[in-house]
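Working notes for the structure below.
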Amino acid sequence: MNAQVTVSLHSGPLSLSSQQPSQRSSLGGGARLVFEGVVRGQEAGRELRALAYQAYEPMTTRELRRLAEEVAIEHGVLGVHVEHSVGTVPVGGVSFRLIILGKHRAEAIAACDAFIARMKQHVPLWKLPVWADADADSDADSDSASTDDGRTDQPVG
Amino acid sequence: MNAQVTVSLHSGPLSLSSQQPSQRSSLGGGARLVFEGVVRGQEAGRELRALAYQAYEPMTTRELRRLAEEVAIEHGVLGVHVEHSVGTVPVGGVSFRLIILGKHRAEAIAACDAFIARMKQHVPLWKLPVWADADADSDADSDSASTDDGRTDQPVG
Amino acid sequence: MTVRVLLFGPQAALAGASALDVTVADAPTPTDLLAALSTQHPSLADSLGASRVAVNHEFADSASVIEPGDEIALIGMVSGG
Amino acid sequence: MTVRVLLFGPQAALAGASALDVTVADAPTPTDLLAALSTQHPSLADSLGASRVAVNHEFADSASVIEPGDEIALIGMVSGG
Numbered sequence: 021m022n023a024q025v026t027v028s029l030h031s032g033p034l035s036l037s038s039q040q041p042s043q044r045s046s047l048g049g050g051a052r053l054v055f056e057g058v059v060r061g062q063e064a065g066r067e068l069r070a071l072a073y074q075a076y077e078p079m080t081t082r083e084l085r086r087l088a089e090e091v092a093i094e095h096g097v098l099g100v101h102v103e104h105s106v107g108t109v110p111v112g113g114v115s116f117r118l119i120i121l122g123k124h125r126a127e128a129i130a131a132c133d134a135f136i137a138r139m140k141q142h143v144p145l146w147k148l149p150v151w152a153d154a155d156a157d158s159d160a161d162s163d164s165a166s167t168d169d170g171r172t173d174q175p176v177g
Numbered sequence: 021m022n023a024q025v026t027v028s029l030h031s032g033p034l035s036l037s038s039q040q041p042s043q044r045s046s047l048g049g050g051a052r053l054v055f056e057g058v059v060r061g062q063e064a065g066r067e068l069r070a071l072a073y074q075a076y077e078p079m080t081t082r083e084l085r086r087l088a089e090e091v092a093i094e095h096g097v098l099g100v101h102v103e104h105s106v107g108t109v110p111v112g113g114v115s116f117r118l119i120i121l122g123k124h125r126a127e128a129i130a131a132c133d134a135f136i137a138r139m140k141q142h143v144p145l146w147k148l149p150v151w152a153d154a155d156a157d158s159d160a161d162s163d164s165a166s167t168d169d170g171r172t173d174q175p176v177g
Numbered sequence: 006m007t008v009r010v011l012l013f014g015p016q017a018a019l020a021g022a023s024a025l026d027v028t029v030a031d032a033p034t035p036t037d038l039l040a041a042l043s044t045q046h047p048s049l050a051d052s053l054g055a056s057r058v059a060v061n062h063e064f065a066d067s068a069s070v071i072e073p074g075d076e077i078a079l080i081g082m083v084s085g086g
Numbered sequence: 006m007t008v009r010v011l012l013f014g015p016q017a018a019l020a021g022a023s024a025l026d027v028t029v030a031d032a033p034t035p036t037d038l039l040a041a042l043s044t045q046h047p048s049l050a051d052s053l054g055a056s057r058v059a060v061n062h063e064f065a066d067s068a069s070v071i072e073p074g075d076e077i078a079l080i081g082m083v084s085g086g
């Protein structure tokens with residue numbers, strides 16, 4: 021079985037419209053699982069304004085695709101679709117979306133869990149806090165200017 | 021912590037628009053998980069045209085709400101939103117949607133899995149196949165006309 | 006007494022009816038009702054082990070007593086999702 | 006030889022730079038490189054245990070040899086999602 025895999029990086033928060041509903045029925049799957057990571061307003065008790073995400077392209081996309089294919093085969097799911105932000109994602113924005121299409125709930129849930137756990141350990145993606153009281157700490161700003169992935173430098177509305 | 025819980029039954033397939041994105045940021049959750057059940061084209065190797073869902077109202081809605089609240093407390097999630105079809109859902113249509121909002125992935129995934137497993141064991145909801153070669157077997161038709169839940173009798177386009 | 010039992014989904018299909026009448030001794034419990042259903046409606050017998058009885062839209066425990074006028078439903082073979 | 010190592014995220018913040026030069030013996034392995042980074046850039050030392058080295062955008066196993074001109078990146082403290 022060849023699973024359908026797509027991977028994309030996007031500057032800034034992910035849009036609502038990219039949930040690819042059209043792929044739903046064509047794959048005939050019984051279970052569609054969408055996981056979204058939403059930027060929280062606090063980290064370690066301190067107020068956040070945003071998170072700044074960094075990638076290292078083309079390695080990041082390649083590793084995400086490799087992971088998606090690996091998880092699809094291991095769990096026998098029909099489709100794995102990955103979207104991840106680079107650059108600044110304000111609090112409340114969606115920075116990550118994973119869509120799993122499978123025949124049954126169990127394998128879709130297992131694939132979702134496995135993908136995210138491994139992504140957080142192995143895929144070249146980083147986040148830095150942009151604090152609400154940002155004068156005191158400009159780590160994220162100074163750092164995002166230093167990546168060689170041009171997309172992380174784009175301001176996002 | 022008081023989780024936000026909503027439960028609704030809908031005649032026919034669920035629409036795409038009811039994914040309640042507006043509740044996303046207000047809850048401040050870090051993880052948003054959407055599970056959708058999609059009607060498959062086959063069951064036991066035989067071609068399906070649709071599934072006919074039955075509920076037993078108001079017990080069905082009450083049991084779904086009870087389960088949502090129970091799972092929310094057990095797993096410490098912020099929101100549980102349940103939508104389920106009654107009546108006919110054609111192949112490819114979405115018959116069930118569960119949205120979990122949580123602070124972290126682990127509890128959102130665990131809550132999703134627990135909700136669905138218990139729903140399939142305890143909640144008064146039934147499905148009957150509507151076969152593509154329906155002349156040979158009109159179980160679903162004769163049965164859907166017999167429920168006391170008027171909504172299951174409505175034809176759905 | 007005679008108790009009318011509502012049926013749904015595959016159990017309604019098995020019985021060929023969405024409701025059945027069952028004859029039981031007065032003041033039956035859900036256990037009594039399931040036993041009578043099994044005897045009087047053999048097409049349902051195999052499915053009753055995993056079934057529960059709802060009385061007035063609430064799951065009833067096996068020792069509760071069914072009164073005349075209660076709405077009785079057989080909740081089995083559920084398959085939401 | 007001198008190897009330029011790209012840094013990202015928290016490790017770039019720790020080092021205060023998005024790239025660092027490291028002096029190593031010729032034909033170093035990733036293990037040699039991590040050891041030299043630890044000595045020459047102590048701010049990164051604690052984070053190197055969970056870090057891997059990418060050579061030309063592929064994770065390198067610890068016995069591979071780094072050639073002049075290879076693009077070297079330190080992949081550690083990742084946190085996608």
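In order, the protein sequences belong to chains A, B, C and D. First residue of the first sequence? That's 21 in our numbering, and the numbers climb one at a time after it. First residue of the second sequence? That's 21 in our numbering, and the numbers climb one at a time after it. First residue of the third sequence? That's 6 in our numbering, and the numbers climb one at a time after it. First residue of the fourth sequence? That's 6 in our numbering, and the numbers climb one at a time after it. Beta carbons are placed, not taken as given, at the ideal position from N, Cα and C, and that holds for glycine.
Flag A:Gly65 as yes when its Cβ comes closer than 8 Å to any non-hydrogen atom of the ligand NAD, and as no otherwise.
-> In terms of ligand content, the structure shown is empty, and the ligand NAD therefore cannot be addressed.
Quick one: any contact between the region 43-62 of chain D and the region 74-84 of chain D, if contact means 3 or more CB pairs under 8 Å?
-> Of all C-beta pairs linking the region 43-62 of chain D to the region 74-84 of chain D, three or more are shorter than 8 Å, placing the two stretches in contact.
From the DSSP output, which residues share a beta bridge with C:Ala78?
-> Here residue 78 of chain C refers to the residue found at position 73 of the third sequence. C:Ala78 is bridged to C:Leu11 and C:Ala59.
Write down the C-beta distance between A:Pro144 and A:Tyr73 rounded to the nearest angstrom, noting that I regard them as a contact closer than 8 Å.
-> In the first sequence, residue 144 of chain A corresponds to position 124, counting from 1. In the first sequence, residue 73 of chain A corresponds to position 53, counting from 1. About 11 Å separates the two Cβ atoms, so there is no contact after all.
Thinking C-alpha only, which one of D:Asp31, D:Ala40 and D:Pro73 is nearest D:Ser56?
-> Position 51 of the fourth sequence, counted from the first residue, corresponds to residue 56 of chain D. The residue with the shortest Cα to Cα distance from D:Ser56 is D:Ala40.
Could one say the Cβ of A:His104 lies closer than 9 Å to chain D's Cβ atoms, at least one of them?
-> Taking the first residue of the first sequence as position 1, residue 104 of chain A is located at position 84. Cβ-Cβ to chain D under 9 Å: yes for A:His104.
Classify A:Ser105 as helix, strand or coil using the three-state DSSP reduction.
-> Taking the first sequence and counting its residues from 1, one reaches residue 105 of chain A at position 85. Three-state DSSP puts A:Ser105 in a strand.
Burial state of D:Ile71 (16 or more Cβ within 10 Å) | Within the fourth sequence, numbered from 1, the residue matching residue 71 of chain D stands at position 66. Counting other Cβ atoms within 10 Å of its Cβ, D:Ile71 reaches 16 or more and is therefore classed as buried.
Would you say C:Glu63 faces chain B, with C-beta separation under 9 Å as the test?
-> Sequence index remark: in the third sequence, residue 63 of chain C carries index 58 (1-based). Cβ-Cβ to chain B under 9 Å: yes for C:Glu63.
Check whether the region 21-33 of chain B touches the region 83-98 of chain A, taking contact to mean three or more Cβ pairs, one atom from each stretch, closer than 8 Å.
-> no
For the putative contact between B:Met139 and C:Gly86, defined by C-beta atoms under 8 Å, what is the C-beta separation to the nearest angstrom?
-> Residue 139 of chain B sits at position 119 when you count from the first residue of the second sequence. Residue 86 of chain C sits at position 81 when you count from the first residue of the third sequence. Sure, about 6 Å apart at Cβ, within 8 Å.
Could you work out which residues of chain A lie near D:Val29, taking near to mean beta carbons separated by less than 7 Å?
-> Looking up residue 29 of chain D in the fourth sequence gives position 24. Within 7 Å Cβ-Cβ: nothing; D:Val29 doesn't reach chain A, min ~22 Å.
Taking Cβ to Cβ, would you say D:Ala68 is nearer than 9 Å to D:Thr28?
-> Position 63 of the fourth sequence, counted from the start, is the residue given in the question as residue 68 of chain D. Position 23 of the fourth sequence, counted from the start, is the residue given in the question as residue 28 of chain D. Not a contact, by the Cβ cut-off of 9 Å.
Which residues DSSP lists as bridging D:Asp26, in chain order | One-based indexing of the fourth sequence puts residue 26 of chain D at position 21. D:Asp26 is bridged to D:Arg9.
Have a look at D:Leu12 and B:Arg52 and give me their C-alpha separation to the nearest angstrom.
-> One-based indexing of the fourth sequence puts residue 12 of chain D at position 7. One-based indexing of the second sequence puts residue 52 of chain B at position 32. Distance between the alpha carbons of D:Leu12 and B:Arg52 is about 31 Å.
Are B:Phe116 and B:Glu56 close, meaning C-beta to C-beta below 9 Å?
-> One-based indexing of the second sequence puts residue 116 of chain B at position 96. One-based indexing of the second sequence puts residue 56 of chain B at position 36. Taking 9 Å as the Cβ cut-off, B:Phe116 and B:Glu56 qualify as a contacting pair.
Which of helix, strand or coil does DSSP assign to B:His95?
-> Mapped onto the second sequence, residue 95 of chain B falls at position 75. It is helical.
Beta-carbon contacts of A:Ser105 that lie in its chain and below 8 Å, excluding the five residues immediately before and after = For the purposes of this step, residue 105 of chain A is taken as the residue at position 85 of the first sequence. Closer than 8 Å at the Cβ level, and outside the excluded window around A:Ser105, lie Leu29, His30, Ser31, Gly32, Pro33, Leu34, Tyr73, Gly113, Val114, Ser115 and Phe116.
Supposed contact pair B:Arg60 and B:Val111 - C-beta distance, whole angstroms, cut 8 Å = As a first step, residue 111 of chain B is located in the second sequence; it is residue number 91 there, counting from the start. As a first step, residue 60 of chain B is located in the second sequence; it is residue number 40 there, counting from the start. That pair is a contact at about 7 Å.
Determine whether the Cβ of A:Ile129 lies closer than 9 Å to any Cβ atom of chain B.
-> As a working note, residue 129 of chain A is residue 109 in the first sequence. Under the 9 Å criterion on CB atoms, A:Ile129 is classed as interfacial with respect to chain B.
From this set, B:Ala70, B:Val58, B:Leu87 and B:Thr81, which residue's C-alpha is nearest B:Ala23's C-alpha?
-> By 1-based counting over the second sequence, the position of residue 23 of chain B is 3. The shortest Cα separation from B:Ala23 among B:Ala70, B:Val58, B:Leu87 and B:Thr81 belongs to B:Leu87.
Consider the Cβ of A:Ile93: report whether some Cβ of chain B lies at a distance smaller than 9 Å.
-> Walking along the first sequence from the start, residue 93 of chain A turns up at place 73. No, its Cβ sits nowhere closer than 9 Å to a Cβ of chain B.
Residue from A:Ile93, A:Val109 and A:Glu83 whose Cα sits closest to the Cα of A:Val102 | For the purposes of this step, residue 102 of chain A is taken as the residue at position 82 of the first sequence. Of the candidates A:Ile93, A:Val109 and A:Glu83, the residue whose Cα lies closest to the Cα of A:Val102 is A:Glu83.
Select from D:Ala30, D:Gly54 and D:Gln16 the residue whose C-alpha is nearest the C-alpha of D:Ala103.
-> There is simply no residue 103 of chain D to check, as chain D begins at 6 and stops at 86 in what is shown.
Separation of B:Ala70 from B:Trp146, as counted between CA atoms | In the second sequence, counting from the first residue as 1, residue 146 of chain B sits at position 126. In the second sequence, counting from the first residue as 1, residue 70 of chain B sits at position 50. Rounded to whole angstroms, B:Trp146 and B:Ala70 show a C-alpha spacing of 13 Å.
Whose C-beta lies closer than 7 Å to the C-beta of B:Val91 among residues of the same chain, with five residues either side of it excluded?
-> Within the second sequence, numbered from 1, the residue matching residue 91 of chain B stands at position 71. Around B:Val91, the same chain offers Val100, Ala131, Ala134 and Phe135 as residues with beta carbons nearer than 7 Å, after the five sequence neighbours per side are excluded.
Across which residues does DSSP place B:Ile120 in a beta bridge pair?
-> Along the second sequence, read from residue 1 onward, the residue named residue 120 of chain B stands at position 100. Paired residue(s): B:Leu53 and B:Val100.
Is A:Arg82 helix, strand or coil when you go by DSSP?
-> Here residue 82 of chain A corresponds to residue number 62 of the first sequence, with the count starting at 1. If DSSP states are grouped into helix, strand and coil, A:Arg82 belongs with the helices.
Could you confirm whether any beta carbon from chain A is found closer than 9 Å to the beta carbon of B:Pro41?
-> If you number the second sequence from 1, residue 41 of chain B lands on position 21. Annotation note: pLDDT 47 at B:Pro41 (below 50); position unreliable, coordinate value reported separately. Chain A contact via Cβ: present.
Consider the Cβ of C:Ser84: report whether some Cβ of chain B lies at a distance smaller than 9 Å.
-> Position 79 of the third sequence, counted from the first residue, corresponds to residue 84 of chain C. Closer than 9 Å to some Cβ of chain B, the Cβ of C:Ser84 qualifies, so yes.
Using a Cβ-Cβ cut-off of less than 9 Å, give me the residues of the region 9-20 of chain D that come near chain A, in sequence order.
-> Leu11, Leu12, Phe13, Gly14, Pro15, Gln16, Ala17 and Ala18
C-alpha distance - B:Ile119 paired with B:Ala137, whole-angstrom precision = In the second sequence, the residue the question calls residue 119 of chain B occupies position 99. In the second sequence, the residue the question calls residue 137 of chain B occupies position 117. Going by the C-alpha atoms only, they are around 15 Å apart.
Quick one: Cα of C:Leu19 to Cα of B:Gly50, how far?
-> Within the third sequence, the letter at position 14 stands for residue 19 of chain C. Within the second sequence, the letter at position 30 stands for residue 50 of chain B. Rounded to the nearest whole angstrom, the CA to CA distance from C:Leu19 to B:Gly50 is 46 Å.
Using DSSP with H/G/I as helix, E/B as strand and the rest coil, what is A:His142?
-> Position 122 of the first sequence holds residue 142 of chain A. Reduced to three states, the DSSP call for A:His142 is helix.
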